[in-house]
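Undergrad: Protein chains in written order, with the working numbering: chain A, 145 to 254; chain B, 2 to 114.
Think of the CB as a built atom: it goes at the ideal place given N, C-alpha and C, for glycine as much as any other residue.
Sending over a structure as structure tokens; questions will come in a sec.
Structure (structure tokens):
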């Protein structure tokens, strides 16, 4: 059973701080990793993808991947109240569609 | 470019009934994946359709079935509804099954009473 684990939160950070979201996965052959943002009552929206070890930056978002530790994280710099949402980690092993974690609820306090 | 659309937006059914949910894929996409998202959970993969054929299925019973049409739109059918089927049903479209360019529709909220 392929599993993706996330802390459900809520993670509360003050406005302007760095939010750090973490995810671990069980399938060592996983190749592609995604972070989705989901506002309450809405569908998931892809915000970052990462495929190789190291960091990938896109604006205020940085995804970090460590395949040896089976760990992927998302950093949000200068957090804004509009970043308050649930963040879903998703993993693709190549032969099945995405396996999602349960998500971490982030609350940015103004 | 037209995005992924789903209908209806909300639906209320009673136990034992049957329901059909619809999804129109994004223009140019030939693959549709369906997911069930229960409250407080991540999306769970139901099945995928690629060029009108089922192309992978998650751990869902046979009362969950689907179709894909020549225009690549898709239906999800659920028979003998149970209370636990209450969830947000999401479809996502992509080209040739690729998940890195997979876009979700707005979802259908199904409530089973």
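1. Count the C-beta pairs between the segment 211–230 of chain A and the segment 152–164 of chain A that are closer than 8 Å, then say yes if the count reaches three, no if not.
2. Output the distance between the C-alpha atoms of residue 96/B and residue 106/B, rounded to the nearest integer angstrom.
3. Can you say whether residue 13/B is buried or exposed, counting buried as having 16 or more other CB atoms within 10 angstroms of its CB?
4. Would you list the residues sitting across from residue 120/B in a DSSP beta bridge?
5. What are the boundary residues of the beta strand (DSSP E) that residue 114/B is part of?
6. Under 8 Å between C-beta atoms, does residue 244/A make it to chain B?
7. Might you give, ordered along the chain, the residues of its own chain that have their beta carbon closer than 6 Å to the beta carbon of residue 227/A, omitting 5 neighbours on each side?
8. I'd like to know whether the C-beta of residue 12/B is nearer than 8 Å to at least one C-beta of chain A.
9. Contact criterion: CB-CB distance below 8 Å. Does residue 69/B meet it with respect to chain A?
10. Measuring alpha carbon to alpha carbon, tell me which residue in 99/B, 112/B, 110/B is nearest residue 34/B.
11. Quick check: the segment 15–30 of chain B against the segment 194–205 of chain A, are there 3 or more CB pairs under 8 Å?
12. For residue 81/B, count neighbouring C-beta atoms within 10 Å of its own C-beta (all shown protein chains included) and say buried if the count is 16 or more, exposed if not.
13. Can you check DSSP and say which residues form a bridge with residue 168/A?
14. Just by C-beta distance, which residues in the segment 67–100 of chain B are closer than 7 Å to chain A?
15. Would you list the one or two residues that DSSP bridges to residue 140/B?
16. Is residue 158/A helix, strand or coil by DSSP?
17. Please name the residue, chosen from 248/A, 249/A, 250/A, 214/A, that lies closest to residue 235/A on a Cα-to-Cα basis.
18. Under three-state DSSP, which class holds residue 40/B?
TA: According to the structure data:
1. yes
2. Start at 1 with the first residue of the second chain, and residue 96/B comes out as number 95. Start at 1 with the first residue of the second chain, and residue 106/B comes out as number 105. One C-alpha to the other measures close to 15 Å.
3. As a first step, residue 13/B is located in the second chain; it is residue number 12 there, counting from the start. Label assigned to residue 13/B: exposed.
4. There is no way to answer for residue 120/B, as the model of chain B reaches only from 2 to 114.
5. Within the second chain, residue 114/B is the residue found at index 113, counting from 1. Run containing residue 114/B: none; DSSP gives neither H nor E here.
6. Within the first chain, numbered from 1, the residue matching residue 244/A stands at position 100. Yes, residue 244/A lies at the interface with chain B (some Cβ there is under 8 Å from its Cβ).
7. Residue numbering aside, residue 227/A sits at position 83 when the first chain is read from its first letter. Cβ neighbours of residue 227/A beyond the five flanking positions: 220, 252.
8. Counted from its first residue, the second chain places residue 12/B at position 11. Chain A, which has no Cβ nearer than 8 Å to the Cβ of residue 12/B, makes this no.
9. Walking along the second chain from the start, residue 69/B turns up at place 68. Taking Cβ atoms only, chain A never reaches closer than 8 Å to residue 69/B, which makes this a no.
10. On the second chain, residue 34/B is found 33 positions in, with the first residue counted as 1. Of the listed residues, the one whose Cα sits closest to residue 34/B is 99/B.
11. no
12. Within the second chain, numbered from 1, the residue matching residue 81/B stands at position 80. It is exposed - the Cβ of residue 81/B has fewer than 16 other Cβ atoms within 10 Å.
13. To locate residue 168/A, count along the first chain from 1; it is residue 24. Note: residue 168/A sits in a beta bridge opposite 149/A, 215/A.
14. 91, 100
15. Limits of chain B in this structure are 2 at one end and 114 at the other, which puts residue 140/B out of reach.
16. Your numbering for residue 158/A matches position 14 in the first chain. Correct three-state label for residue 158/A: strand.
17. Position 91 of the first chain, counting from 1, holds the residue named residue 235/A. Among 248/A, 249/A, 250/A, 214/A, the Cα nearest to that of residue 235/A is on 214/A.
18. Looking up residue 40/B in the second chain gives position 39. Coil, per DSSP.
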